[in-house]
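The working numbering puts the first residue of the sequence shown at 2, with every later residue one more than the last. First up is the structure itself, then whatever we jot down about it.
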Amino acid sequence: MEGVKISQLLKTDHINDSDSFIILQEGETKRVEGMILQNLKTSVVNNVTDGGLDKALSAEQGKLLAKRLADLEYKPISILSFNNNSSVVEMGNVIHGIKLTWNLNKQPILQTVNKENIDVKLREFDLIKDIDKDITISLEVKDDRGLIVNKTTSVNFMNGVYYGVSNKDISTSEDILTLKKELSNSKARSVSVNCGQDQYIYYCLPSRLGNCIFFVGGFEGGFTKIKTIQFKNSFGYIENYDIYKSTNKNLGSTTITIK
């Protein structure tokens with residue numbers, strides 16, 4: 002594949018944005034789009050004070066031209082995504098490491114996880130450590146122009162919000178554990194249940210999340226907080242839980258919005 006010098010192309014009268022050229026730069030060939038050459042030509046012409054374009058494209062301007070072309074082609078490094086495989090963990094549990102994965106828009110010259118250098122070719126990393134509380138992990142990358150960017154990912158510990166139906170009183174930790182569980186730090190959600198013969202609907206959550214307001218069919222009400230207990234989850238973590246119960250039974254297929 003043969004290439005032409007940038008200076009020769011820039012003397013061409015007509016360069017279309019949609020054109021594509023093979024150029025010779027520092028002994029190597031590379032493909033350049035017409036739009037980039039147009040921008041470079043404009044930059045050169047705007048900086049010519051005398052002697053015309055030929056003078057601007059003289060040998061002495063070679064390095065400047067190469068730099069301007071590099072400037073036009075430069076893309077700042079960015080972290081497109083950064084995730085871990087254990088973003089939510091149940092309170093009381095201990096995990097012994099997480100897998101980190103990320104994507105970049107180009108190769109860095111330096112990258113670190115929590116300020117520790119790692120191979121610049123890696124796009125995944127196993128962080129081996131015991132984790133029993135919320136943590137934030139930082140990824141930092143640097144490109145060939147010295148630009149540094151970073152992104153974080155977190156592991157968050159949450160307890161369960163439990164809901165479901167039962168024809169018996171839900172009043173103990175063991176009872177609550179029979180219901181459907183969602184790990185969450187929010188009391189707000191919409192849930193759908195099928196409440197059959199002699200069954201009531203129950204909603205149980207950490208007291209620290211605050212009092213709940215229930216809406217069924219767009220109308221507020223229909224639930225009562227029947228008690229607060231010391232709830233022990235399946236990992237032995239203990240905290241106060243509020244237990245709500247529907248005022249009516251046999252409600253059939255029902256959707257409840259909790260705020």
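All residues carry an ideal CB built from backbone N, CA and C; glycine is no exception.
Can you tell me which of the three DSSP states residue i falls into?
i	result
S193	strand
S88	coil
D144	coil
S174	helix
L73	helix
L210	helix
K182	strand
K68	helix
V156	strand
N115	coil
N151	strand
Q198	coil
K226	strand
Is the separation between the beta-carbon of residue i and that of residue j shorter than 9 Å?
i	j	result
S155	N104	no
V217	T258	yes
T248	S193	no
L101	I132	no
I202	G165	yes
C205	Y163	yes
S79	N118	no
V114	F126	yes
Q108	L123	no
Quick one: give me the first and last residue of the beta strand (DSSP E) that residue i is part of.
i	result
D243	239-247
Y203	201-207
G161	161-167
S254	253-259
L101	99-105
L128	125-128
With a threshold of 8 Å on Cβ separation, who are the neighbours of residue i within its own chain once the five nearest residues in sequence on each side are excluded?
i	result
D176	S167, K169, D170
N251	C196, G197, Q198, D199, Q200
Nearest-angstrom Cα distance between residue i and residue j?
i	j	result
K116	I149	13 Å
G98	E91	15 Å
I110	T173	57 Å
F224	R190	15 Å
E74	D120	25 Å
CB-CB under 7 Å to residue i, same chain, minus the five flanking residues each way: which ones, in chain order?
i	result
S208	T229, N241, Y242, D243
G237	G93
N157	S88, V89, D135
Might you give, ordered along the chain, the residues of its own chain that have their beta carbon closer than 6 Å to the beta carbon of residue i, omitting 5 neighbours on each side?
i	result
S254	N195
I227	I244, K246
E183	V162
F83	W103, L140, K152, T154
L210	K188
K233	S174, I239
K260	A189, I214
Could you tell me whether any Cβ in chain D is nearer than 9 Å to the Cβ of residue i?
i	result
N168	The chain inventory of the structure shown lacks chain D, comprising one protein chain alone.
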